[in-house]
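One structure is given below, encoded as structure tokens.
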Amino acid sequence: MATVNITHDTIESTITENDIVLLDFWAEWCGPCRMFGPIFERASEEHADVVFGKVDTEAEQALAAGFRITSIPTLVVFRQGIIVFAQPGALNGAQLEQVVQGAKALDMDDVRRQLAEQQAAQQA
Numbered sequence: 004m005a006t007v008n009i010t011h012d013t014i015e016s017t018i019t020e021n022d023i024v025l026l027d028f029w030a031e032w033c034g035p036c037r038m039f040g041p042i043f044e045r046a047s048e049e050h051a052d053v054v055f056g057k058v059d060t061e062a063e064q065a066l067a068a069g070f071r072i073t074s075i076p077t078l079v080v081f082r083q084g085i086i087v088f089a090q091p092g093a094l095n096g097a098q099l100e101q102v103v104q105g106a107k108a109l110d111m112d113d114v115r116r117q118l119a120e121q122q123a124a125q126q127a
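Quick note: the sequence shown uses the working numbering, first residue 4, plus one each step.
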């Protein structure tokens, strides 16, 4: 699967209707973004079971602000609608593969349990 452009109108359905979603927040003028783009595209072709979305931070400023993107490129990974990874900076192919494999290997019941514990601790 090739990368897909993500907009304010498509973000929610993309995240809720797919098991694993990787979002690349980028801009045309960003040198590291242009270097990371082909790596991200290659990975999208190798992992047809994962959605690889690109968010143009210039065209989707409100969306980028909603995710508190302060540096690009930033990679945000969702698994079953939960953010499981978020990191600014361009990754090389091996690093991106490690992120994808890590997302696939997560025990989401354990992730949800940890989130519930964190929320309970914050409310206490």
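Note that the Cβ used here is the ideal one computed from N, Cα and C, for glycine as well.
Check: Candidates E61, E48, N95: closest to R29 by CA position; Outcome: Residue identity check: residue 29 is Trp in the sequence provided, not Arg. Residue E61 is the option with its Cα nearest to W29.
Check: Helix, strand or coil at P41 [DSSP, three-state]; Outcome: helix
Check: Pair within 8 Å by beta-carbon distance, K57 and T10; Outcome: no
Check: Endpoints, the alpha helix (DSSP H) within which Q64 is located; Outcome: 64 to 69
Check: Backbone secondary structure at I14 - three-state DSSP; Outcome: helix
Check: Reduced DSSP category for G92 - H, G, I as helix; E, B as strand; rest coil; Outcome: coil
Check: Closest residue to V103 among T19, N8, A123, H50 (Cα-Cα distance); Outcome: H50
Check: Neighbourhood of L109 by C-beta, 8 Å cutoff - its chain only, sequence neighbours within 5 removed; Outcome: R82, V87
Check: Nearest-angstrom Cα separation, counted from P76 out to C36; Outcome: 5 Å
Check: Straight-line Cα distance separating Q122 from R115; Outcome: 11 Å
Check: Secondary structure of T19, DSSP reduced to three states; Outcome: helix
Check: Nearest-angstrom beta carbon gap, T17 and V54 [assumed within contact, 8 Å]; Outcome: 6 Å
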